[in-house]
Amino acid sequence: MAYNDKVIDHYENPHNVGVLDHQDDSVGTGLVGAPACGDVMRLQLKINDNGIIEDAKFKTFGCGSAIASSSLVTTMVKGKSIEEAATIKNTLIAEELSLPPVKIHCSVLAEDAIQAAIADYKKKRG
Amino acid sequence: MTVQTPIYLDNHATTPADPLVVEEMLPFLLQNFGNPASRNHSFGWTAKEAVELGRERVAALIGASPKEIIITSGATESNNLAIKGVAYQYASRGKHIITVPTEHKAVLDSCHTLEREGWEVTYLNVDTEGRISLEELKNAIRKDTVLVSVMLANNEIGVIQPISEIGAICKEKGVFFHCDAVQGLGRIPFDVATANVDLVSISAHKMYGPKGIGALYVRRGRPRLRLQALIHGGGHERGLRSGTLATHQIVGFGKAAELAAEDLTNGGIERVRQLRDRLWDGLNANLEDVILNGSWEHRLPNNLNVSFAYVEGEAMMMAIKTIACSSGSACTSASLEPSYVLRALGVEDEYAHSSIRFGIGRFTTEAEIDYAIELITEKVKWLREMSPLYEMAKAGIDLKTIEWAAH
Numbered sequence: 017m018a019y020n021d022k023v024i025d026h027y028e029n030p031h032n033v034g035v036l037d038h039q040d041d042s043v044g045t046g047l048v049g050a051p052a053c054g055d056v057m058r059l060q061l062k063i064n065d066n067g068i069i070e071d072a073k074f075k076t077f078g079c080g081s082a083i084a085s086s087s088l089v090t091t092m093v094k095g096k097s098i099e100e101a102a103t104i105k106n107t108l109i110a111e112e113l114s115l116p117p118v119k120i121h122c123s124v125l126a127e128d129a130i131q132a133a134i135a136d137y138k139k140k141r142g
Numbered sequence: 038m039t040v041q042t043p044i045y046l047d048n049h050a051t052t053p054a055d056p057l058v059v060e061e062m063l064p065f066l067l068q069n070f071g072n073p074a075s076r077n078h079s080f081g082w083t084a085k086e087a088v089e090l091g092r093e094r095v096a097a098l099i100g101a102s103p104k105e106i107i108i109t110s111g112a113t114e115s116n117n118l119a120i121k122g123v124a125y126q127y128a129s130r131g132k133h134i135i136t137v138p139t140e141h142k143a144v145l146d147s148c149h150t151l152e153r154e155g156w157e158v159t160y161l162n163v164d165t166e167g168r169i170s171l172e173e174l175k176n177a178i179r180k181d182t183v184l185v186s187v188m189l190a191n192n193e194i195g196v197i198q199p200i201s202e203i204g205a206i207c208k209e210k211g212v213f214f215h216c217d218a219v220q221g222l223g224r225i226p227f228d229v230a231t232a233n234v235d236l237v238s239i240s241a242h243k244m245y246g247p248k249g250i251g252a253l254y255v256r257r258g259r260p261r262l263r264l265q266a267l268i269h270g271g272g273h274e275r276g277l278r279s280g281t282l283a284t285h286q287i288v289g290f291g292k293a294a295e296l297a298a299e300d301l302t303n304g305g306i307e308r309v310r311q312l313r314d315r316l317w318d319g320l321n322a323n324l325e326d327v328i329l330n331g332s333w334e335h336r337l338p339n340n341l342n343v344s345f346a347y348v349e350g351e352a353m354m355m356a357i358k359t360i361a362c363s364s365g366s367a368c369t370s371a372s373l374e375p376s377y378v379l380r381a382l383g384v385e386d387e388y389a390h391s392s393i394r395f396g397i398g399r400f401t402t403e404a405e406i407d408y409a410i411e412l413i414t415e416k417v418k419w420l421r422e423m424s425p426l427y428e429m430a431k432a433g434i435d436l437k438t439i440e441w442a443a444h
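This is the structure in structure tokens:
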């Protein structure tokens, strides 16, 4: 499939691949998707006491668009507050990467990952 | 030794034309361009002679008589003609057909079309290796069964079906047997007599010939086999396939068939098998969790279809972009559905999403295989570093126990 340069860049030089300690109280972990669908994303956010996302790490099992979407998301959320990050819509991700229609679902999953990570963080904090 | 990229390891999709084939074809475009059906002048006679030589060579590849070879535009057309041609001709005898869900789409879609027109089709099961059960076939044949269609070797996983045995059963029960032999010819021995077949589909571009030309073997003799033509016109090919014969294409096809027959005896296919084995051994030596899809024993010597666990197929293909191959991953198909062949084998979705198919060919070199091993190893490791599934599996978590939040 002929890809947009931005997707290729994020895919070949992914940003923030890695792991944060999911036991850490300041880390929210979102695991979305399913192996059966061919798409699994794990997004982890390290959030400081002011509610700002200090660090983000991802790991993805999925196609080039899925990897690019999750990589992009980690760069988008860093430095933002939880509230700001929660407003990131899949359309923004898809537009930024110029995803073709058949790959839009990858951006949807990335948006879900943000929501899931935030929800996990909030659950931990009670 | 340096390797010129991209390297081509997708010889099940198509093959390059052999230079000897091209050389033989060219004169028939510029100088000897006559219509083989022009009976009144030398342009026609020269063309006809060339066509008949091509036809002979194709026949020789499968042990048939040239009179049994019907030239078509390719195996897709041959499959259509075989299946619909028999169905329509013998509709009064019965409207039941038996085939396998792992057949090529040209067979499956022809069957679906007949189903819409009132035929009944039984799809035999395949085991986890991709092979059918002869018992199940025997039991599936009914009084109104007119045709059984089973391919010699599968295009995705290379698995070889027990054709002679299937043919023997069909002969005994008085049912016609069609075999799509496209992927097997030139790679494994095949002879119409020992195969017990009535119809065989053949494709030139899978055996280093040009695209756009193929043939259907139609057995002559008793019991009588007739087909209803799908394309009507001047009555060419015994009325079974009208249309001016493309001399240069048939010349190329014939030459390709001749070379393919030689490959089976002159060590050509053995060399290919060794390269395929080298690729498999190399990957296994460097990586864990490399899963073979389909039977190892009953497999084409040039095919390798593997799943790299925890890594998605399309991501792999992007990573190894200097290697031409294909994937059974949903992402690479427009429909977002994983390979229907792997599905039929019962391969779990996440492995179907991780599958890559390699087809070694006549022109593949050892250096290219070594390059492939090195690149694939590097990229699988890189993608596994990025994979949450790999991390979880290494931590001892059983992925089957997780409740996934699928979207």
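From first to last, the protein sequence lines are chains V and R.
Quick note on this note's numbering: the first sequence kicks off at 17 and runs consecutively.
Quick note on this note's numbering: the second sequence kicks off at 38 and runs consecutively.
For every residue, glycine included, the Cβ atom is placed at its ideal position computed from N, Cα and C.
Predicted model only: the values in this text are computed from it and were never measured.
Query                                                                                                                                 : Result
Proximal residues, the stretch 166 to 195 of chain R versus chain V, C-beta separation under 7 Å                                      : none
Cβ shell of Q286/R (< 8 Å), same chain only, five flanking positions each side left out                                               : M62, A241, P247, G249 and I250
Cutoff 8 Å: H141/R Cβ touching any chain V Cβ                                                                                         : no
Residues of its chain near H38/V, where Cβ-Cβ distance is below 6 Å and the 5 sequence neighbours each way are ignored                : T45
Chain V within 8 Å of W82/R, Cβ atoms only                                                                                            : no
Validate contact between the stretch 323 to 336 of chain R and the stretch 299 to 307 of chain R using beta carbons, cut 8 Å, 3 pairs : no
Collapsed DSSP secondary structure at R313/R in the structure displayed                                                               : helix
Exposed unless 16 or more other CB atoms sit within 10 angstroms - verdict on S364/R                                                  : buried
R394/R classed as buried or exposed, judged by whether at least 16 other C-beta atoms fall within 10 angstroms                        : buried
Proximity test, Cβ basis, 8 Å: E351/R and chain V                                                                                     : yes
Given 8 Å, three or more beta-carbon pairs between the stretch 409 to 425 of chain R and the stretch 60 to 69 of chain V              : no
Same chain, Cβ closer than 8 Å to G131/R, five either side skipped, listed in chain order                                             : R179, K180, D181, T182 and V183
First and last residue of the uninterrupted beta strand (DSSP E) at K73/V                                                             : I69 to F77
Closest by C-alpha distance to E374/R, when choosing among A361/R, R168/R, C362/R and G350/R                                          : G350/R
Selection from G289/R, V187/R and D318/R that minimises the alpha carbon distance to Q220/R                                           : V187/R
Any C-beta of chain V under 8 Å from that of P43/R                                                                                    : no
Residues near Y160/R in its chain [Cβ-Cβ closer than 7 Å; skip 5 each side]                                                           : T136, V137 and P138
Start-end ranges of the alpha helix (DSSP H) lying completely within the stretch 54 to 95 of chain R, minimum 4 residues              : 56 to 62 and 64 to 67
A409/R and I360/R closer than 8 Å at C-beta                                                                                           : yes
K418/R - containing alpha helix (DSSP H), residue span                                                                                : E403 to E422
Test: P338/R CB closer than 8 Å to a CB of chain V                                                                                    : no
Cβ distance (whole Å) where G91/R is taken to contact F80/R below 8 Å                                                                 : Between F80/R and G91/R the Cβ distance is about 17 Å, and since that is not below 8 Å, they are no contact.
Near-chain R residues of the stretch 100 to 119 of chain V - C-beta to any C-beta below 9 Å                                           : V118 and K119
Residue span of the alpha helix (DSSP H) that contains G276/R, given as start and end                                                 : Element bounds for G276/R: n/a, residue is neither H nor E.
Contact list for L436/R against chain V, beta-carbon separation under 8 Å                                                             : P51
Neighbouring residues, chain R, relative to R58/V (Cβ below 8 Å)                                                                      : P425
Collapsed DSSP secondary structure at L267/R in the structure displayed                                                               : coil
Segment contact flag, the stretch 140 to 157 of chain R with the stretch 106 to 123 of chain R, C-beta cutoff 8 Å, min 3 pairs        : yes
V244/R - DSSP class collapsed to helix/strand/coil                                                                                    : First, the amino acid is wrong: residue 244/R is Met here, not Val. Reduced to three states, the DSSP call for M244/R is coil.
Where T76/V meets chain R, residues with beta-carbon distance less than 9 Å                                                           : E349, A352, M423, S424 and P425
Cβ pair count under 8 Å reaching 3, the stretch 251 to 270 of chain R against the stretch 222 to 242 of chain R                       : yes
Near-chain R residues of the stretch 66 to 99 of chain V (beta-carbon distance less than 7 Å), N- to C-terminal order                 : K75, T76, F77, G78, C79, G80 and I83
Strand pairing of F400/R, partner residues [DSSP]                                                                                     : DSSP output for F400/R lists no bridge partner at all.
Cβ of W441/R within 8 Å of any chain V Cβ                                                                                             : yes
Pair within 8 Å by beta-carbon distance, L382/R and P51/V                                                                             : no
Cβ neighbour criterion (16 or more within 10 Å) applied to S114/V                                                                     : exposed
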